[in-house]
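Participant:
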Amino acid sequence: MTNLTIRQAIESDSDKIHQLLMDLAAFEKIEHTVEATKESTYAALFGDSPSAEAIVAELDNQIVGAAVYFHNYSTFVGKKGLYLEDIYVRPECRGQKIGRKILFRLAEIAKQRGCGRMEWTVLDWNSRAIDFYNEMGAELLAEWKIVRLDARGIQNLSNKSQ
219 MTNLTIRQAI
229 ESDSDKIHQL
239 LMDLAAFEKI
249 EHTVEATKES
259 TYAALFGDSP
269 SAEAIVAELD
279 NQIVGAAVYF
289 HNYSTFVGKK
299 GLYLEDIYVR
309 PECRGQKIGR
319 KILFRLAEIA
329 KQRGCGRMEW
339 TVLDWNSRAI
349 DFYNEMGAEL
359 LAEWKIVRLD
369 ARGIQNLSNK
379 SQ
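With the working numbering, you'll find the sequence shown wraps up at 380, consecutive numbering, no jumps.
1. Using three-state DSSP, classify Arg331 as helix, strand or coil.
2. Let me know the secondary structure DSSP gives Arg346 once reduced to three states.
3. Verify whether the separation of the beta carbon atoms of Leu238 and Tyr306 is less than 9 Å.
4. Rounded to the nearest angstrom, how far is the Cβ of Leu222 from that of Leu277, given a contact under 8 Å?
5. Among residues of its own chain, excluding the 5 on either side of His289, which ones have a beta-carbon nearer than 6 Å to its beta-carbon?
6. In terms of alpha-carbon separation, which member of Pro268, Ile364 and Tyr291 lies closest to Tyr301?
7. For Ile372 and Glu326, I'd like the C-alpha separation in whole angstroms.
8. Can you give me the C-alpha to C-alpha distance between Gln330 and Ser232, rounded to a whole angstrom?
9. Spell out a yes or no on whether the region 238 to 248 and the region 304 to 319 are touching, meaning 3 or more CB-CB pairs, one atom from each, closer than 8 Å.
10. Got a sec? Which residues, its chain only, sit under 6 Å from Ala243 by beta carbon, not counting five neighbours each side?
11. Using three-state DSSP, classify Glu357 as helix, strand or coil.
12. Measure from the C-beta of Leu238 to each C-beta in chain C and report whether the shortest distance is under 9 Å.
13. Give the list of continuous beta strand (DSSP E) stretches no shorter than 3 residues that lie fully inside the region 260 to 315.
14. Tell me Arg225's beta-bridge partners as DSSP assigns them.
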C-alpha cells in the first residue's frame, strides 16, 4: 500500500461517497430498493441539518472506501453510541487493511466523543465480513433481530393512531 489516508469527508467528496454506496447496494444485491440520490446523500452529510457523517479512505489521492455513521443513544449504557450505517471498500483495494483502518478511525472517533459502544449490521451471507468483524473483536448478537418500518409502514402505522 503506497499512500493511504483515512480522513473526515468534505463536501466535494459527496458524489464519490454516493457512488461507493451505490456500489455497496449492488454488492448486497439490493440496488432495486435504493431511493437515495446524489442530492439526498449530500443533504444527509453536508446539508443544513446533517443526519450522518462520513469518513473516506484515500489511496494515492483516490477515494477507495467510505464509512457513513451517526450517533444513537443507549438507555441502558446511558451514553451515546456510534452507529456505522455503511462501510465499503472497492473490491480491487480489498486485502490491503483499508477496512481495518476505517474501523480503527471510527473507534477513535467513538472514544473521543465518549461513546459507550459502536454498532452496525452485517448480512448473514457475508461470511468474509463476519469473519473480519469477529477478528476486530466485534460481537455478533444472534439473539437480536432488526425491526424496520419502511415509508409505507410508517404511513400505515401513523394512520392507526387517528
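Note that CB positions come from ideal geometry on N, CA and C, so glycine has one too.
Facilitator: With the given structure in hand:
1. coil
2. helix
3. yes
4. 5 Å
5. Lys298
6. Tyr291
7. 35 Å
8. 24 Å
9. yes
10. Glu249 and Val252
11. coil
12. In the structure shown, chain C cannot be found, because there is only a single protein chain.
13. 271 to 277, 280 to 292 and 297 to 307
14. Val274
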